[in-house]
Amino acid sequence: MSVNIARWLRMILVLALVALMGLAWTQRELFDIDTIRAWLSVWPDWAPALFMLIYAVLTVLMVPGTALTLAGGAVFGLAMGTIFNLFGATLGAALAFLVARHLAGGLVRRRVGGRMLKLIEGVEREGWRFVVFTRLVPLFPFVLLNYGFGLTRIPFGQYLAATLIAMLPGAFAYTWLGHAGGEALRGDKGAITQALLALAALAVVSYLPRLWRNRRQ
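Here our numbering is used: the first residue of the sequence shown is -12, the next is one more, and so on.
Structure, rendered in C-alpha coordinates:
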(Lines of atoms letter the chains of each structure in order from A and count residues from 1; the text may use other names and numbers.)
(Lines give C-alpha, C1' and ligand atoms only; values in the text may rest on other atoms or scores of the structure.)
Protein backbone atom coordinates (compact mmCIF):
# COMPACT_ATOMS: atom_id res chain seq x y z
CA MET A 1 0.00 0.00 0.00
CA SER A 2 2.78 2.40 0.94
CA VAL A 3 4.49 1.73 -2.40
CA ASN A 4 1.29 2.56 -4.31
CA ILE A 5 0.78 5.74 -2.29
CA ALA A 6 4.35 6.83 -2.97
CA ARG A 7 3.87 6.14 -6.68
CA TRP A 8 0.67 8.18 -6.81
CA LEU A 9 2.26 11.05 -4.90
CA ARG A 10 5.18 11.00 -7.29
CA MET A 11 2.83 11.08 -10.27
CA ILE A 12 0.84 13.97 -8.80
CA LEU A 13 4.01 15.95 -8.13
CA VAL A 14 5.26 15.39 -11.67
CA LEU A 15 1.91 16.43 -13.17
CA ALA A 16 1.82 19.52 -10.96
CA LEU A 17 5.33 20.43 -12.07
CA VAL A 18 4.40 20.03 -15.74
CA ALA A 19 1.29 22.16 -15.24
CA LEU A 20 3.30 24.88 -13.53
CA MET A 21 5.86 24.78 -16.36
CA GLY A 22 3.10 25.31 -18.90
CA LEU A 23 1.59 28.15 -16.89
CA ALA A 24 4.95 29.85 -16.41
CA TRP A 25 5.75 29.56 -20.12
CA THR A 26 2.44 31.06 -21.22
CA GLN A 27 2.86 33.93 -18.75
CA ARG A 28 6.60 34.45 -19.31
CA GLU A 29 6.06 38.03 -20.51
CA LEU A 30 5.21 38.90 -16.89
CA PHE A 31 8.79 38.24 -15.85
CA ASP A 32 10.30 41.40 -17.30
CA ILE A 33 12.58 43.83 -15.49
CA ASP A 34 9.86 46.31 -14.49
CA THR A 35 7.57 43.62 -13.10
CA ILE A 36 10.36 41.98 -11.12
CA ARG A 37 11.43 45.33 -9.71
CA ALA A 38 7.83 46.03 -8.66
CA TRP A 39 7.61 42.67 -6.88
CA LEU A 40 10.82 43.29 -4.98
CA SER A 41 9.77 46.80 -3.93
CA VAL A 42 6.84 45.36 -1.97
CA TRP A 43 9.21 43.61 0.50
CA PRO A 44 12.47 45.59 0.34
CA ASP A 45 13.99 43.93 3.41
CA TRP A 46 13.46 40.50 1.86
CA ALA A 47 14.33 41.52 -1.68
CA PRO A 48 17.61 39.56 -2.03
CA ALA A 49 16.17 36.31 -0.66
CA LEU A 50 12.93 36.78 -2.61
CA PHE A 51 14.86 37.46 -5.80
CA MET A 52 16.99 34.33 -5.46
CA LEU A 53 13.90 32.25 -4.65
CA ILE A 54 12.06 33.59 -7.72
CA TYR A 55 15.13 32.90 -9.85
CA ALA A 56 15.39 29.33 -8.56
CA VAL A 57 11.69 28.56 -9.01
CA LEU A 58 11.56 29.96 -12.55
CA THR A 59 14.68 27.96 -13.42
CA VAL A 60 12.96 24.78 -12.25
CA LEU A 61 9.92 25.78 -14.32
CA MET A 62 12.23 26.18 -17.36
CA VAL A 63 11.65 29.91 -17.80
CA PRO A 64 14.74 31.51 -19.43
CA GLY A 65 16.60 33.60 -16.89
CA THR A 66 18.09 36.37 -19.05
CA ALA A 67 15.52 38.96 -17.96
CA LEU A 68 16.01 37.99 -14.32
CA THR A 69 19.77 38.34 -14.60
CA LEU A 70 19.44 41.78 -16.16
CA ALA A 71 16.94 42.75 -13.47
CA GLY A 72 19.35 41.59 -10.78
CA GLY A 73 21.99 43.94 -12.14
CA ALA A 74 19.56 46.85 -12.44
CA VAL A 75 18.14 46.44 -8.93
CA PHE A 76 21.10 45.28 -6.84
CA GLY A 77 24.11 46.67 -8.70
CA LEU A 78 27.06 44.86 -10.21
CA ALA A 79 28.65 43.19 -7.18
CA MET A 80 25.61 42.06 -5.21
CA GLY A 81 23.59 41.50 -8.37
CA THR A 82 26.21 39.05 -9.62
CA ILE A 83 26.12 37.17 -6.32
CA PHE A 84 22.32 37.00 -6.17
CA ASN A 85 22.03 36.02 -9.84
CA LEU A 86 24.67 33.33 -9.51
CA PHE A 87 23.25 31.78 -6.37
CA GLY A 88 19.66 31.98 -7.61
CA ALA A 89 20.57 30.26 -10.88
CA THR A 90 22.70 27.66 -9.09
CA LEU A 91 19.92 26.89 -6.62
CA GLY A 92 17.49 26.42 -9.50
CA ALA A 93 19.97 24.22 -11.36
CA ALA A 94 20.44 22.11 -8.23
CA LEU A 95 16.69 21.66 -7.69
CA ALA A 96 16.10 20.72 -11.33
CA PHE A 97 18.94 18.19 -11.13
CA LEU A 98 17.40 16.58 -8.04
CA VAL A 99 13.93 16.52 -9.62
CA ALA A 100 15.30 14.66 -12.64
CA ARG A 101 17.36 12.25 -10.56
CA HIS A 102 14.74 11.36 -7.96
CA LEU A 103 11.31 12.30 -9.32
CA ALA A 104 10.80 12.80 -13.06
CA GLY A 105 13.60 10.98 -14.87
CA GLY A 106 11.32 9.35 -17.44
CA LEU A 107 9.66 12.63 -18.36
CA VAL A 108 13.04 14.32 -18.80
CA ARG A 109 14.29 11.54 -21.09
CA ARG A 110 11.28 11.95 -23.37
CA ARG A 111 11.61 15.74 -23.34
CA VAL A 112 15.31 15.87 -24.21
CA GLY A 113 15.33 12.95 -26.65
CA GLY A 114 18.40 11.75 -28.54
CA ARG A 115 20.56 14.64 -27.41
CA MET A 116 20.60 13.06 -23.97
CA LEU A 117 22.88 10.29 -25.24
CA LYS A 118 25.59 12.83 -26.09
CA LEU A 119 25.16 14.43 -22.70
CA ILE A 120 25.43 11.14 -20.82
CA GLU A 121 28.41 10.01 -22.92
CA GLY A 122 30.16 13.31 -22.32
CA VAL A 123 29.67 13.12 -18.55
CA GLU A 124 30.79 9.49 -18.45
CA ARG A 125 33.93 10.43 -20.37
CA GLU A 126 34.83 13.79 -18.85
CA GLY A 127 32.93 14.05 -15.56
CA TRP A 128 32.73 17.54 -14.07
CA ARG A 129 34.85 18.94 -16.93
CA PHE A 130 31.99 18.24 -19.31
CA VAL A 131 29.63 20.14 -17.02
CA VAL A 132 31.97 23.14 -17.17
CA PHE A 133 32.25 22.91 -20.95
CA THR A 134 28.50 22.73 -21.55
CA ARG A 135 27.87 25.64 -19.19
CA LEU A 136 30.29 27.73 -21.23
CA VAL A 137 29.10 26.51 -24.65
CA PRO A 138 25.35 26.74 -25.42
CA LEU A 139 25.11 23.25 -26.95
CA PHE A 140 21.98 22.66 -24.90
CA PRO A 141 19.52 25.16 -23.40
CA PHE A 142 20.48 25.95 -19.80
CA VAL A 143 17.12 24.90 -18.39
CA LEU A 144 17.28 21.52 -20.14
CA LEU A 145 20.87 20.92 -19.05
CA ASN A 146 19.84 21.21 -15.42
CA TYR A 147 17.42 18.33 -15.81
CA GLY A 148 19.61 16.37 -18.20
CA PHE A 149 22.54 16.17 -15.81
CA GLY A 150 20.22 14.62 -13.24
CA LEU A 151 20.00 11.53 -15.45
CA THR A 152 23.76 11.01 -15.44
CA ARG A 153 25.87 9.39 -12.74
CA ILE A 154 27.85 12.50 -11.87
CA PRO A 155 27.94 13.12 -8.09
CA PHE A 156 25.70 15.97 -7.02
CA GLY A 157 28.55 17.83 -5.32
CA GLN A 158 30.71 17.81 -8.45
CA TYR A 159 27.79 18.96 -10.58
CA LEU A 160 26.96 21.78 -8.18
CA ALA A 161 30.55 23.05 -7.87
CA ALA A 162 31.17 22.90 -11.64
CA THR A 163 27.89 24.70 -12.33
CA LEU A 164 28.58 27.45 -9.82
CA ILE A 165 32.10 28.12 -11.09
CA ALA A 166 31.32 27.88 -14.81
CA MET A 167 28.32 30.19 -14.62
CA LEU A 168 30.23 32.97 -12.86
CA PRO A 169 31.68 34.68 -15.98
CA GLY A 170 28.33 34.82 -17.78
CA ALA A 171 26.48 35.92 -14.65
CA PHE A 172 28.97 38.75 -14.15
CA ALA A 173 28.74 39.95 -17.76
CA TYR A 174 24.93 39.90 -17.97
CA THR A 175 24.61 41.47 -14.53
CA TRP A 176 26.94 44.25 -15.65
CA LEU A 177 24.76 44.83 -18.70
CA GLY A 178 21.65 44.99 -16.52
CA HIS A 179 23.40 47.36 -14.13
CA ALA A 180 24.34 49.63 -17.05
CA GLY A 181 20.72 49.63 -18.21
CA GLY A 182 19.53 50.55 -14.73
CA GLU A 183 22.04 53.40 -14.55
CA ALA A 184 20.88 54.65 -17.96
CA LEU A 185 17.27 54.77 -16.74
CA ARG A 186 18.42 56.81 -13.77
CA GLY A 187 20.09 59.31 -16.10
CA ASP A 188 23.72 58.39 -15.43
CA LYS A 189 25.87 59.81 -18.23
CA GLY A 190 28.44 57.07 -17.75
CA ALA A 191 25.90 54.33 -18.49
CA ILE A 192 26.90 54.12 -22.16
CA THR A 193 30.49 53.42 -21.17
CA GLN A 194 29.27 50.82 -18.67
CA ALA A 195 27.16 49.15 -21.36
CA LEU A 196 30.09 49.03 -23.80
CA LEU A 197 32.31 47.49 -21.14
CA ALA A 198 29.60 44.95 -20.34
CA LEU A 199 29.32 44.01 -24.02
CA ALA A 200 33.10 43.63 -24.13
CA ALA A 201 32.85 41.31 -21.12
CA LEU A 202 30.22 39.25 -22.95
CA ALA A 203 32.58 38.98 -25.92
CA VAL A 204 35.30 37.69 -23.61
CA VAL A 205 32.87 35.18 -22.09
CA SER A 206 31.98 33.92 -25.57
CA TYR A 207 35.70 33.26 -26.17
CA LEU A 208 36.11 31.19 -23.00
CA PRO A 209 34.89 27.91 -24.58
CA ARG A 210 37.63 28.11 -27.22
CA LEU A 211 40.21 28.84 -24.54
CA TRP A 212 38.93 25.91 -22.49
CA ARG A 213 39.11 23.60 -25.52
CA ASN A 214 42.67 24.67 -26.31
CA ARG A 215 43.78 24.02 -22.73
CA ARG A 216 42.16 20.59 -22.81
CA GLN A 217 44.07 19.73 -25.99
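Virtual Cβ for every residue (Gly too), placed ideally from N, Cα, C.
This structure is a prediction, so every number in the text was calculated from the model and none was measured.
Does DSSP put residue i in a helix, a strand or coil?
| i | result |
| --- | --- |
| Pro31 | helix |
| Trp142 | For clarity, residue 142 is Pro in the given sequence; the question names Trp instead. Looking at Pro142 - three-state DSSP - the assignment turns out to be coil, as it is neither helix nor strand. |
| Leu48 | coil |
| Pro128 | coil |
| Gly135 | helix |
| Leu90 | coil |
| Gly114 | coil |
| Gly75 | helix |
| Gly165 | helix |
| Gly59 | helix |
| Gly68 | helix |
Report the rounded CA-to-CA distance for residue i versus residue j, giving the unit in angstroms.
| i | j | result |
| --- | --- | --- |
| Leu189 | Ala83 | 26 Å |
| Ser28 | Trp163 | 21 Å |
| Leu48 | Phe136 | 16 Å |
| Ala171 | Phe120 | 34 Å |
| Val62 | Gly68 | 7 Å |
| Ile141 | Ala81 | 13 Å |
| Gly59 | Ile107 | 33 Å |
| Leu138 | Gly144 | 15 Å |
| His89 | Thr180 | 47 Å |
| Thr46 | Ala182 | 26 Å |
| Leu207 | Val124 | Within the shown structure, residues of the chain are numbered from -12 to 204, placing residue 207 beyond reach of any answer. |
Please confirm whether residue i and residue j have their CB atoms less than 8 Å apart.
| i | j | result |
| --- | --- | --- |
| Val192 | Ala153 | no |
| Asn133 | Gly79 | yes |
| Leu73 | Leu131 | no |
| Ala76 | Gly52 | yes |
| Pro165 | Leu57 | According to the sequence provided, residue 165 is Gly. The question's Pro does not apply to it. For Gly165 and Leu57, yes; Cβs fall inside 8 Å. |
Check: Quick one: any contact between the stretch 28 to 44 and the stretch 106 to 122, if contact means 3 or more CB pairs under 8 Å?
Finding: no
Next item on the list: Flag this pair as touching only if the stretch 148 to 163 and the stretch 39 to 49 have three or more C-beta atom pairs under 8 Å; answer yes or no.
Entry: no
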